[in-house]
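Following: one structure in structure tokens, then a few remarks.
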Amino acid sequence: MQTLHAIYENGVFRPTEAVDLPDDCEVEIRIQARRTVMERPTLARLAALGRRFPVNPELPEDLATHHDHYLYGVTNRL
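Using the working numbering, you'd call the opening residue of the sequence shown number 2 and step up by one each time.
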């Protein structure tokens, strides 16, 4: 038996980490309610947001370093 941690949101259970199960696998879920996302510490909420919105591969790799250039067209000084 495995323990699966998930967040219930909009009628769907969303695992908080990767699950090693085949597609269309039927499972039995036993509910043990915990704190909601908003009740969790800030770092945990940020980590949950990071999982919901993965890195965009179309963004330039140096975006953080040269954000003024990409936002305002400022010439890079590096």
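Note that the Cβ used here is the ideal one computed from N, Cα and C, for glycine as well. Since the model is a prediction, treat every value here as computed from it, not as a measurement.
Could you give the distance in angstroms between the alpha-carbon of residue i and the alpha-carbon of residue j?
i   : j   : result
Y9  : G74 : 42 Å
I30 : P23 : 16 Å
T43 : D69 : 27 Å
D25 : I32 : 21 Å
Q3  : T66 : 42 Å
F14 : L47 : 19 Å
So which of the options has the shortest CA-CA distance to residue i?
i   : options              : result
A34 : E27, D63, C26 and A7 : A7
T17 : Y71, A45 and M2      : A45
A19 : E27, G12, L5 and N11 : L5
Since residue i and residue j are thought to touch, with beta carbons under 8 Å apart, how far apart are those beta carbons, to the nearest angstrom?
i   : j   : result
Y71 : P61 : 7 Å
Within the continuous beta strand (DSSP E) that includes residue i, where are the two ends?
i   : result
R31 : Taken as a continuous stretch (DSSP letters only), R31 belongs to no beta strand (DSSP E), as it is neither H nor E.
R15 : V13 to P16
E10 : A7 to E10
Specify, as a first and last residue, the run of the alpha helix (DSSP H) that residue i falls within.
i   : result
A48 : T43 to R53
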